[in-house]
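Shown next, in C-alpha cells, is the structure this report addresses.
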C-alpha cells in the first residue's frame, strides 16, 4: 500500500520502530506503506519489511532503520 501524499499531523502518531507489527501503516521515504514485519537486527538497528503495492506488482522490500528516530504511523 503506497499513497503519494504527505503525512497529516492530525492523523498520525509516533511509535518506536521495534513496536511496529503486521498491518501497521507508516510514512517511509516517499509515501505510506504497510508493514509486513519489523524486528531488531543489531543494538541500534531495526529491520523493517514493507509491502510495496504498485500498479503492476506487489512485493516486499527490506530496509534497515536506526532506532534513535520514531516511525510516523497512521492513527
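In the working numbering, the protein residues as written are 8 to 82. Note that beta-carbon positions come from the ideal geometry of N, C-alpha and C, so glycine has one too. Bear in mind that the values here come from a model prediction, so they are computed numbers and not experimental data.
Buried versus exposed, by CB contacts within 10 Å (16 or more), residue i
{"i": "residue 33", "result": "buried"}
Residue i - partner residues in DSSP beta bridges
{"i": "residue 40", "result": "33"}
{"i": "residue 78", "result": "22"}
{"i": "residue 49", "result": "52"}
Residue i to residue j span [Cα, whole Å]
{"i": "residue 53", "j": "residue 66", "result": "20 Å"}
{"i": "residue 23", "j": "residue 55", "result": "12 Å"}
{"i": "residue 69", "j": "residue 41", "result": "12 Å"}
{"i": "residue 79", "j": "residue 35", "result": "8 Å"}
{"i": "residue 75", "j": "residue 51", "result": "7 Å"}
{"i": "residue 72", "j": "residue 45", "result": "10 Å"}
Which of helix, strand or coil DSSP assigns to residue i
{"i": "residue 56", "result": "strand"}
{"i": "residue 66", "result": "strand"}
{"i": "residue 8", "result": "In this predicted model, residue 8 has a pLDDT of only 49, less than 50, meaning its place in the structure is not dependable enough to derive any value."}
Discussion item. With three or more beta-carbon pairs closer than 8 Å as the criterion, would you say the stretch 17 to 25 touches the stretch 56 to 68?
Written reply: no
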